[in-house]
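Everything in the sequence shown is counted per numbering that gives the first Met the number 0, starting at 0 for the first residue and increasing by one.
Even glycine gets a Cβ: it sits at the ideal position worked out from N, Cα and C.
Step one of this worksheet: look at the structure below.
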Amino acid sequence: MRVKKSRIALLTLGIIVLGYAGYAGLKPDPEFVYEQRSLPEDFTEYHNQLLNRDSAIGVREGNEEKLIRAAQGKTDYAILYIHGFGASREEGSYITDRVAAKLKANLYYARLPGHGTTKEDHRDRTYAEYLQYAGDTMRMMNSLGNKTILIGTSMGGLIATWLAATFPEQTAALVLASPFYDFASPSADIMKLPGGMSLVNAVYGEVRESSGKANPDYGSGYEKYWYTQQYFSSLQNLVDLRAAVLHDDTIARVRAPVLMTYYYRDDEHQDPTASVPAMLEVFEKFGQGQNSFIKQKAPIANGNHVMLSEHVKTDKETIEKTIVDFLQTNLPEN
Numbered sequence: 000m001r002v003k004k005s006r007i008a009l010l011t012l013g014i015i016v017l018g019y020a021g022y023a024g025l026k027p028d029p030e031f032v033y034e035q036r037s038l039p040e041d042f043t044e045y046h047n048q049l050l051n052r053d054s055a056i057g058v059r060e061g062n063e064e065k066l067i068r069a070a071q072g073k074t075d076y077a078i079l080y081i082h083g084f085g086a087s088r089e090e091g092s093y094i095t096d097r098v099a100a101k102l103k104a105n106l107y108y109a110r111l112p113g114h115g116t117t118k119e120d121h122r123d124r125t126y127a128e129y130l131q132y133a134g135d136t137m138r139m140m141n142s143l144g145n146k147t148i149l150i151g152t153s154m155g156g157l158i159a160t161w162l163a164a165t166f167p168e169q170t171a172a173l174v175l176a177s178p179f180y181d182f183a184s185p186s187a188d189i190m191k192l193p194g195g196m197s198l199v200n201a202v203y204g205e206v207r208e209s210s211g212k213a214n215p216d217y218g219s220g221y222e223k224y225w226y227t228q229q230y231f232s233s234l235q236n237l238v239d240l241r242a243a244v245l246h247d248d249t250i251a252r253v254r255a256p257v258l259m260t261y262y263y264r265d266d267e268h269q270d271p272t273a274s275v276p277a278m279l280e281v282f283e284k285f286g287q288g289q290n291s292f293i294k295q296k297a298p299i300a301n302g303n304h305v306m307l308s309e310h311v312k313t314d315k316e317t318i319e320k321t322i323v324d325f326l327q328t329n330l331p332e333n
């Protein structure tokens, strides 16, 4: 009890101090500029380079990048799936595989730097590495399809939003599953302030337990494809990524049709990880000032933060049908 009270006292003091820091001025947003570096001409060569790197650094089995071809050449549309923070391709493969099969689309599962390895590697990578890798992979998707459908879960949804804004001519559609546009818990705002991460470490220690471990809807096998422990300091990447790319001008540059699925039944039963109000705020901004912009939001009553995985209980039949119907109705003609 004494330890708990001391934590509360320290946290209260920290909030006062950080509140003053916030009043005095937040730290400036990080800036990212994508580097148009040289890439292989052939996607298979690019994919093999990544797999060789994965093997060299000890990426866990089942967490590597994965290429599923519907055709040896280019398909009309190719799908790029981007997983969320601390996750892997299994976060989305159950439904994304089926969507790709119905569209007869080549499909690629990305592996963001620092994922599928160790929590130390996860801690030591940067948000800029996430974006550079995602941008490189998006450019390579031209070798798989005439246009690219982006599907992203959580942080992957934020990165997919940035990709759709950065490569508008290449993007055929943007499918968002529980996109991370802010934390659901207001207490996470501490990490956005100068010295905030030091306070978090002082109060809670350096390592956090994954919320999925305590969720009965997360089934066996979950621990193979997600980090069950993460350094709190690794969350700085999430904070910096959001600050670097989630601006009104980013949202305004998105031209492709947007589908957003998210867990919401009522105020008591909704996404506990990513803020639903933040999702809806960004969703309303998509297409502002554009003529005939296509967008659809699809709240899922029986959902979770992780929507598309076989390892997490959700209404997959409804989710799959919603995604397939949206794409078949709204994909532009090639």
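Beta-bridge pairing of residue i - partner residues as DSSP gives them
i	result
lysine 315	None, per the DSSP bridge assignment.
isoleucine 322	For isoleucine 322, which the question treats as bridged, DSSP gives no partner whatsoever.
alanine 273	Phe182
glutamine 131	For glutamine 131, which the question treats as bridged, DSSP gives no partner whatsoever.
leucine 79	Tyr107 and Leu149
glycine 113	Answer is none; glycine 113 lacks a bridge partner.
glycine 144	Thr74
histidine 268	Asp265
Expected contact under 8 angstroms - CB spacing of residue i and residue j to nearest Å
i	j	result
aspartate 53	alanine 242	Rounded, the Cβ-Cβ distance is 29 angstroms, inconsistent with contact.
serine 308	tyrosine 126	Actually they do not touch by this definition, with Cβ atoms about 23 angstroms apart.
arginine 207	glutamine 229	5 angstroms
methionine 306	threonine 313	5 angstroms
N- and C-terminal bounds of the alpha helix (DSSP H) containing residue i
i	result
valine 384	As displayed, the chain neither begins before 0 nor continues past 333, which places residue 384 out of reach and without an answer.
tyrosine 203	195-203
isoleucine 56	42-56
isoleucine 299	Where isoleucine 299 is concerned, there is no enclosing alpha helix (DSSP H), although the beta strand (DSSP E) it sits in stretches over 294-299.
glutamine 71	No alpha helix (DSSP H) contains glutamine 71, which DSSP labels as neither H nor E.
threonine 125	Careful: threonine 125 lies outside any alpha helix (DSSP H) and carries neither H nor E.
tyrosine 108	First-last for tyrosine 108: 105-108, but that is the beta strand (DSSP E), not the alpha helix (DSSP H).
aspartate 96	92-102
glycine 288	Unbroken run through glycine 288: none, as it is neither H nor E.
tyrosine 217	Here tyrosine 217 belongs to no alpha helix (DSSP H), and DSSP marks it neither H nor E.
threonine 165	154-165
aspartate 188	Aspartate 188 -> no alpha helix (DSSP H), and no H or E assigned at all.
aspartate 248	247-251
Same chain only: Cβ atoms within 6 angstroms of residue i, ignoring 5 sequence neighbours per side
i	result
tyrosine 22	Reliability fails at tyrosine 22, whose pLDDT of 45 lies under 50, so the model's placement of it is uncertain and no value is given.
serine 219	none
serine 142	Phe42
threonine 136	Ala109
glycine 85	Trp225, Tyr226 and Gln229
Cβ-based neighbour list, residue i, same chain, cut-off 8 angstroms, excluding 5 preceding and 5 following
i	result
phenylalanine 285	Ile250, Val253, Val257, Phe292 and Lys294
aspartate 247	Lys284
glutamine 289	Arg254
Extent of the continuous beta strand (DSSP E) run through residue i
i	result
methionine 259	257-265
glutamate 208	206-208
alanine 172	170-176
tyrosine 230	228-230
Neighbourhood of residue i by C-beta, 7 angstroms cutoff - its chain only, sequence neighbours within 5 removed
i	result
tryptophan 161	Leu130, Val244 and Thr249
glutamate 332	none
alanine 70	Asn105
valine 199	Ile189, Met190 and Phe231
histidine 46	Glu64 and Leu66
glutamate 89	Gly61, Tyr224, Ser308 and His310
leucine 49	Glu64
proline 112	Arg124, Glu128, Tyr129 and Tyr132
methionine 278	Pro178, Tyr180, Met259 and Tyr261
* How do the region 162-173 and the region 99-119 stand: do at least 3 beta-carbon pairs fall below 8 angstroms, yes or no? -> Under the 8 angstroms Cβ criterion, the region 162-173 does not count as touching the region 99-119, having fewer than three qualifying pairs.
* Three or more C-beta pairs below 8 angstroms linking the region 272-280 and the region 177-197 -> Yes: at least three Cβ pairs fall under 8 angstroms.
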